[in-house]
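Engineer: Quick note on numbering: my numbering labels position 15 of the sequence shown as 18, and the sequence is numbered without any gaps. For each residue, glycine too, the CB sits at the ideal point set by N, CA and C. I am attaching a structure below and will ask some questions about it afterwards.
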Amino acid sequence: MKKLSKEEAASIATKPPGRSSVVRSYLLGMEVGDIILLEKKDWKQRKRKPSTYCRELERKSGRQWKCETALDGSGWVIERVK
4 MKKLSKEEAA SIATKPPGRS SVVRSYLLGM EVGDIILLEK KDWKQRKRKP STYCRELERK
64 SGRQWKCETA LDGSGWVIER VK
């Protein structure tokens, strides 16, 4: 166990209890202009891609992301636009 300062605690992405996924919590915690690489090993859903997930989250949250597939096949590049 380790004691954290306020700055260290603020820099750690957290997930509330319940059915919220780690990806959802991270996307909702992004600031405008932040860019992440979502690797394929981190994406657990089979029926929908992250771009579909981002569009659904846009309707529910009012925020906007740009989701593009990485050409090297490593995953998806997601940028918080609005």
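Mind checking PRO53: buried by the 16 CB within 10 Å criterion, or exposed?
Structural biologist: PRO53 comes out buried.
Engineer: According to DSSP, is LYS69 helix, strand or coil?
Structural biologist: Reduced to three states, the DSSP call for LYS69 is strand.
Engineer: Quick one: grab the DSSP three-state call for ARG62.
Structural biologist: The answer is helix: DSSP assigns ARG62 an H, G or I state.
Engineer: Helix, strand or coil for LYS83, going by three-state DSSP, please let me know.
Structural biologist: Residue identity differs from the one stated: residue 83 is Arg in this sequence, not Lys. Of the three classes helix, strand and coil, the one that applies to ARG83 here is strand, per DSSP.
Engineer: When you compare only the Cα positions, how much space is there between PRO19 and SER77?
Structural biologist: Answer to the nearest angstrom: the Cα atoms are 28 angstroms apart.
Engineer: Which residues does DSSP list as the beta-bridge partners of GLU42?
Structural biologist: DSSP lists GLY78 as partners of GLU42.
Engineer: Could you tell me if LEU41 is buried or exposed, where buried requires 16 or more neighbouring beta carbons within 10 angstroms of its beta carbon?
Structural biologist: LEU41 comes out buried.
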